[in-house]
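S.K.: Could you have a look at this structure, given as structure tokens, before my questions?
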Amino acid sequence: MKAFKKSALLMMLTTLLIVATACGNGDGSGSAAEGGSEGKGGSVKIDGSSTVFPIMEAVSEEFKSEHPDVKVPVGVSGTGGGFEQFTKGETDLSNASRPIKEEEKKLAEENGIEYTELTLAFDGLSVVVNKENDFVDQLTVEELTKMWKKGSKVKTWADVREGWPEEEIKFFSPGTDSGTFDYFNEVILEEKGIRKDAQLSENDNILVKGVTGSQNGIGFFGYAYYLENKDNLTVVPIVNEAGEAVKPTGETIQSGKYNPLSRPLFTYVNNKSLKENEAVYNYVMYTLENAGKLAEEVGYVALPQEQYDKQIEKIKEIAGK
Amino acid sequence: MNLVNKEQVKKKMASRLFTNRILQGLLLLATLFGLIVLGVLIYRMTTQGIGYLSLDFFTNFASRFPEQAGIKAAIVGTLWLMAVTIPVSLILGVGTALYLEEYAPKNRFTRIIQVNIANLAGVPSIVFGLLGLTIFVRLAEMGQSVLAGGYTLSLLILPVIVVASQEALRSVPKEMRDASYAMGATKWQTIQRVVLPASIPGILTGSILAFSRAIGETAPLIVIGALTYVAFLPENLYSGFTAMPIQIYNWATRPQIEFQELAAAGIIILLLMLIILNSIAVLIRNKFQKRY
């Protein structure tokens, strides 16, 4: 019994302590702009898209070895969740797999947040089918729209193009919260949403398994997921604006030949943090100098070098350096 | 007079025994089903993740190179979270249960509270995350800190602890309370020295199961803005943090197969932590258990 009393007392004391510290400090982390005063080397607050996360993780990891005093953690609240914090001034950098939306711009304006859009890398949305599927040689944007959009009447491959077998298609798509879906929705689905019987998953690996496992499956996801599984999947060449059927590869994505399904990946930086917080400036410069190489390492496609150089100039100008 | 129609009984005996056996089999199947699923899970995780379990895995921070990646920040983050969640939820939960069971008058108001607590236990965890984001992170200006995360998880498991504790308090026989009062003890003395010690096994079993749930939660932490890549350990309650389930989820969704194996290794560690917690629950129950 004595032991119990002791432990109970200990627990109560701990709670008291916690409550006391909670009351004592009203302003825990402070706003992003004053992050520089925190600790020796300061800190940079980064949140946003899970698609961009691997790039930023790599940047943070490398940055840490050069600036060990600076804290550069990365969160993944998603593109929308990231912007929600960013437009309130809670974060310094917001990663995004789509450009900022009108209503988010408005929010930023209301809160007096000025920002700069930076492009980090390209991703090519890859449309894939099962390895055993040998008849889908290419698809046009119109065909994709017909297949995927809400209320689509397509059931079998024969409905897509004459001559293809009359076998029922199984659809796999990223979840509607993801930036990947947003992008597909914009360029293929005419902003109308996806067909109801498509299987959605927030985890793109599930989509890979879905298409690998069903002979009549079709799905789309980021280029990195195709690259990792290219022995088990067949990628579908997409007919671009010039009328050529193009497969997603490093070159076609970078040159823009693979369109309309290649998309830029962004990060947005708070101008005020850039000017006032040395750590943020250093981090952003470091990002732009290394994003290309690091993006390739984690499965994305780098921009042409001059685009990074141009952005570096822009940042220097804004920060007044 | 023959009260039992033996003829009738004999005739039905075979079918009764048969039903008995069928049901026994079904129940055994139900038990095995859970065990087999657990077995398959453990087997899969072990075969996938065992290669990554080394000392480095515990001492390294996350990395883009799978062979250098570790869960140091996640493990320490989870321990910090638990250091906040366990005392807060236990004291608030047991306190609530004590009030409701021992002090509160049985009227319409307490009945409403009761129903609402039961309802809260069924609210999806992401809703608690939104609540935590509004109240702790923004209103109380705690930021995306260990403290905010710990409080949010406490709220999440509070209803479960309250219900379990109430159940445990209720199971203390009335005679024991009466005996205590008869000796001249006050209500609080009775609670402190008779009721609580007698109900400790029940309270702790329920609570530790609730803590196990809190350890595995990802959604509410992501919503309050817990970080994913963290290359430092929390220094105080206001530091940013990451937790095991967040790290595991992040690895599991990466395209490279090596990261999925890392996720498996993380799951093994998380499972081990859960097993340890649950064994503590069993130990405590055995130590304090008395039959009345």
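These protein sequence lines are chains A and B, in that order. Read left to right, the first sequence gives residues 831 to 1151 (my numbering). Read left to right, the second sequence gives residues 185 to 476 (my numbering). We put the CB at the ideal spot given by N, CA and C, even for glycine. Predicted model only: the values in this text are computed from it and were never measured.
1. Counting only runs that start and end within the region 369-411 of chain B, where is the alpha helix (DSSP H) found for 4 or more residues in a row?
2. I'd like the span of the alpha helix (DSSP H) that includes Ala253/B, first residue to last.
3. Using a Cβ cut-off of 7 Å, pull out every chain B residue sitting near Val1128/A, in sequence order please.
4. Which word fits Gly409/B, buried or exposed, when buried means at least 16 other C-beta atoms lie within 10 angstroms of its C-beta?
5. So the candidates are Thr1097/A, Gly872/A, Glu997/A; which of them puts its Cα closest to the Cα of Asn925/A?
6. Taking Cβ-Cβ distances shorter than 8 Å, what residues in chain A pair up with Phe416/B?
7. For the region 439-455 of chain B, enumerate the residues whose C-beta is nearer than 8 Å to any C-beta of chain D, in chain order.
8. For Gly896/A, tell me which candidate among Ala1109/A, Gly942/A, Val1128/A has the shortest Cα-Cα distance.
9. Can you pull the chain A residues whose beta carbon is under 7 Å from the beta carbon of Leu411/B, in chain order?
10. Using the Cα positions of Pro308/B and Asn434/B, report the straight-line distance between them to the nearest angstrom.
11. Where in the region 1034-1100 of chain A do unbroken runs of the beta strand (DSSP E), each at least 3 residues long, occur, reported from the N-terminal end onward?
12. Please state if the CB of Gln232/B and the CB of Glu445/B are separated by a distance shorter than 7 Å.
13. Among residues of its own chain, excluding the 5 on either side of Ile468/B, which ones have a beta-carbon nearer than 7 Å to its beta-carbon?
14. Just verifying my parser: in three-state terms, what is the DSSP assignment at Ile930/A?
15. Report the neighbours of Ala436/B on chain A: residues whose CB is nearer than 9 Å to its CB, in chain order.
16. Leu969/A by DSSP, collapsed to three states: which one?
17. Alpha carbon to alpha carbon, what distance is there between Gly919/A and Val1114/A?
18. Compare the Cα-Cα distances from Val346/B to each of Glu359/B, Phe320/B, Leu393/B, Gly333/B and report the closest residue.
19. Whether or not the region 1056-1066 of chain A and the region 1132-1148 of chain A are in contact is what I'm after, with contact meaning three or more pairs of Cβ atoms, one per stretch, closer than 8 Å; do they touch?
20. Three or more beta-carbon pairs under 8 Å between the region 896-907 of chain A and the region 930-946 of chain A, yes or no?
21. Identify the continuous beta strand (DSSP E) that holds Ile876/A and give its terminal residues.
22. Please report the distance separating the alpha-carbon of Val321/B from that of Val1041/A.
23. As a quick exercise: from Thr975/A, Ser956/A, Gly1023/A, Val966/A, pick the residue whose alpha carbon is nearest that of Trp987/A.
24. Against chain A, does Gly424/B count as a neighbour if the rule is that its beta carbon must be under 7 Å from one of theirs?
25. Grouping DSSP H, G and I as helix and E and B as strand, with all else coil, what is Gln473/B?
26. For Pro429/B and Ala352/B, I'd like the C-alpha separation in whole angstroms.
27. Please list the partners that Ile406/B has in chain A, where partner means a Cβ-to-Cβ separation under 9 Å.
28. Taking the C-alpha atoms as reference points, what is the distance between Glu1147/A and Glu914/A?
29. Is Ser273/B near Val330/B, with beta carbons less than 7 Å apart?
30. Output needed in chain order: residues of the region 887-898 of chain A with a Cβ under 8 Å from some Cβ in chain B.
31. In the DSSP output, what is Tyr925/A paired with across the bridge?
32. Please state the DSSP three-state secondary structure of Gln1029/A.
33. Measure from the alpha carbon of Glu359/B to the alpha carbon of each residue in Val378/B, Pro343/B, Thr370/B, Ile341/B, then state which is nearest.
34. Rounding to the nearest angstrom, what Cα-Cα distance links Arg248/B and Glu891/A in this structure?
M.R.: If we stick to the structure as given:
1. 371-374, 380-399, 403-407
2. Where Ala253/B is concerned, there is no enclosing alpha helix (DSSP H), given that its DSSP letter is neither H nor E.
3. Arg248
4. buried
5. Thr1097/A
6. Lys901, Pro903
7. Within the model displayed, chain D is absent; protein chains A and B are what it includes.
8. The sequence shown places Glu at residue 896/A, rather than the Gly named in the question. Among Ala1109/A, Gly942/A, Val1128/A, the Cα nearest to that of Glu896/A is on Ala1109/A.
9. Pro903, Val904, Gly905
10. 21 Å
11. 1047-1051, 1063-1065, 1092-1100
12. yes
13. Within the same chain, and ignoring the five residues on either side of Ile468/B in sequence, the residues whose Cβ sits closer than 7 Å to its Cβ are Pro385, Leu388.
14. coil
15. Asn1033, Asn1035
16. If DSSP states are grouped into helix, strand and coil, Leu969/A belongs with the strands.
17. So the two alpha carbons sit approximately 17 Å from each other.
18. Leu393/B
19. no
20. no
21. 876-878
22. 41 Å
23. Val966/A
24. yes
25. coil
26. Whole-angstrom Cα-Cα distance: 31 Å.
27. Within chain A, Gly905, Val906, Ser907, Gly908, Gly911 have C-beta atoms less than 9 Å from the C-beta of Ile406/B, given in sequence order.
28. 27 Å
29. no
30. Glu887, Ala888, Ser890, Glu891, Lys894
31. Position check: residue 925/A holds Asn in this sequence, whereas Tyr was assumed. Beta-bridge pairing links Asn925/A to Gly878/A, Thr1097/A.
32. strand
33. Val378/B
34. 8 Å
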